[in-house]
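Here's the structure we're looking at; comments come further down.
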Amino acid sequence: MNHTALRIDTDGTHQAVTIGSDDCIPRDLGCDYIDCVVFTLTATAESIDVWVDDEGAFNQEANVLGTIALKEVCGTSATEYFAYQHVLYGPLLITGSGEELSSISEAAARAIASKLETYLNANL
């Protein structure tokens, strides 16, 4: 079974991607979708998981727009994680949360994409 995820690049552009099947090992997600060797899976909300480059601060650009969008969409549930990690680095892969790989919900994907579109269209 394939799953849908949202990839957010460091420039704020985003796209829906189809990720592996149930037998896909997590290491492949990092290698194939967020261009890293070591990944971290952060649970910033009950409904989403965020896959990030664990060594991103050393070898990736800051993903400011993605970080801001996630903070706003996740609200208080993101507070604990972001108290230590102020900005995420490199491309982000957003999936559904849970012990097994799952698709991001349409509502969560729309909410994050809407925030990103607002930032990308802003005259800053």
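Residue numbers (this note's numbering): 67 to 190. Using N, Cα and C, we set each Cβ at its ideal position, and we do this for glycine too. Given the structure is predicted, the values throughout are model-derived calculations rather than measurements.
Considering T184, what are the terminal residues of the alpha helix (DSSP H) in which it resides?
Your numbering for residue 184 matches position 118 in the sequence shown. Residues E172 to N187.
Buried or exposed: T133, going by 16 or more other Cβ atoms within 10 Å of its Cβ?
On the sequence shown, position 67 is the one that residue 133 refers to. Per the 10 Å Cβ criterion, buried.
Using the C-alpha atoms, what's the distance from A177 back to L158?
In the sequence shown, the residue the question calls residue 158 occupies position 92. In the sequence shown, the residue the question calls residue 177 occupies position 111. L158 and A177: Cα-Cα distance of roughly 15 Å.
Identify, in the order they occur along the chain, each residue of the same chain with its Cβ nearer than 8 Å to the Cβ of D77, setting aside the five sequence neighbours on each side.
Sequence index remark: in the sequence shown, residue 77 carries index 11 (1-based). Once the five neighbours on either side are set aside, the close Cβ partners of D77 are L131.
Identify every residue that forms a DSSP beta bridge with T133.
Translated into the one-based positions of the sequence shown, residue 133 becomes position 67. According to DSSP, T133 bridges with nothing at all.
What would DSSP say about V153, mapped onto helix, strand or coil?
Here residue 153 refers to the residue found at position 87 when the sequence shown is read from its first residue. Coil, per DSSP.
Based on Cα-Cα distance, which residue from S180, T70, L186 and L182 lies nearest to D115?
Here the question's residue 115 lines up with position 49 in the sequence shown. It is T70 whose Cα lies nearest to the Cα of D115.
What residues in its chain sit with their C-beta under 6 Å from that of Q126, if we drop five residues either side in the sequence?
Position 60 of the sequence shown, counting from 1, holds the residue named residue 126. Closer than 6 Å at Cβ, skipping near neighbours: D119, Y155 and G156.
So which of N187, H80 and C140 has the shortest CA-CA distance to N129?
Within the sequence shown, numbered from 1, the residue matching residue 129 stands at position 63. Comparing Cα positions, the closest option is H80.
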